[in-house]
Amino acid sequence: MKTQNPKLKCEKGQGLLEAVIAIGIIVTGIVGTMNLTISNQTSSSDAQERLIAVNLAREGIEVVRNMRDTNWLSCEIVDSVLDCNNWDDSLSSGSDTIAAPLFDPETNSWSIDFTADSISHNQARVWRTNSGDPEFIGAMFQSADTTPTNAELTWYRRIIELYSICDDKTVVPSCGVDEKIGIRVQSIVSWESRGKLLEIKAEERLFNWR
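Plus 1255 on top of the position in the sequence shown (first one is 1) and you've got this note's numbering.
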């Protein structure tokens, strides 16, 4: 009758246990690496979305600044005095403060439209050019058209809020009879990411003299 060596049996058991532990370590490492990769991809995607939102917010302010500068170029000197009463042309609409910066690809020009009353308005939607002139493919813009041609809808929305800065330094929808010396521009961009509504706001104060 043969007898089994207890030492050999113990060694086999230890070998099996070591194999199970090794497999567990390998699986844990793989899962950890996968989680890290997914986390990195998510962080990268979040950063890219936020960067686009920041650029859209900055662009909204620059549109207003460029229109102010263009108005300044049309100012005249009357009796050795600079006459610039039209420095804020197209940048105000009574007490209405919410507007959308619209781009017309046909004229290659921007305009400020006060039709929008909130960021949920159709004019607040941001589109991306996906065909046509290769130079403009990928460009993002807002349009007065319900569905602009050669463009696809993005998940971004943008409005700008324009408040008057009066000579007594108050910031109000309209200065009324008081002198208006500047504009407080707030550019607001919102977008949806993984079921969450996110928002970025940029602000600048532009004045009649600079």
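A virtual CB, placed ideally from N, CA and C, is assigned to each residue, including glycine. None of the values given here were measured: they were computed from a predicted structure.
Cut-off 7 angstroms between Cβ atoms - residues of its own chain near residue i, not counting five sequence neighbours on either side
{"i": "N1405", "result": "T1384, N1385, S1386 and G1387"}
{"i": "A1308", "result": "Y1411, V1444, W1446 and I1455"}
{"i": "N1430", "result": "Going by the sequence as given, residue 1430 is Cys instead of Asn. Here the set comprises S1419 and C1421."}
Other residues of its chain near residue i: CB distance less than 8 angstroms, five sequence neighbours each side excluded
{"i": "I1374", "result": "R1412, R1413, I1414, I1443 and S1445"}
{"i": "L1263", "result": "Reliability of the predicted coordinates at L1263 is poor, the pLDDT of 49 falling under 50, and no value is obtained from them."}
{"i": "R1460", "result": "I1420, G1437, I1438, R1439 and V1440"}
{"i": "S1298", "result": "none"}
As assigned by DSSP and simplified to three states, the class of residue i
{"i": "L1263", "result": "Note on L1263: pLDDT 49, under 50, position unreliable in the model; the coordinate value appears next. In this structure, L1263 counts as helix in the three-state DSSP scheme."}
{"i": "D1368", "result": "strand"}
{"i": "P1356", "result": "strand"}
{"i": "I1515", "result": "Residue 1515 falls outside the range modelled here, since the chain spans only 1256 to 1465, and no answer is possible."}
{"i": "T1425", "result": "coil"}
Of the residues the options, the one placed nearest residue i, counting alpha carbons only
{"i": "R1439", "options": "V1426, E1447 and V1432", "result": "V1426"}
{"i": "G1315", "options": "L1346, G1393 and I1392", "result": "L1346"}
{"i": "A1394", "options": "E1407, D1368 and L1452", "result": "E1407"}
{"i": "P1360", "options": "K1424, Y1418, N1310 and P1403", "result": "P1403"}
Residue range of the beta strand (DSSP E) that includes residue i
{"i": "Q1441", "result": "K1435 to S1448"}
{"i": "C1421", "result": "A1406 to C1421"}
{"i": "E1361", "result": "That residue, E1361, is in no beta strand (DSSP E); it is neither H nor E in DSSP."}
{"i": "I1455", "result": "K1451 to F1462"}
Own chain partners of residue i with C-beta closer than 6 angstroms, once the 5 adjacent residues on each side are dropped
{"i": "E1454", "result": "S1445"}
{"i": "A1312", "result": "S1442, V1444, I1455 and A1457"}
heavy atom of the ligand SAM below 6 angstroms from residue i C-beta
{"i": "R1413", "result": "Inclusion of the ligand SAM in the displayed structure is not the case, the ligand content being empty and no account of it being possible."}
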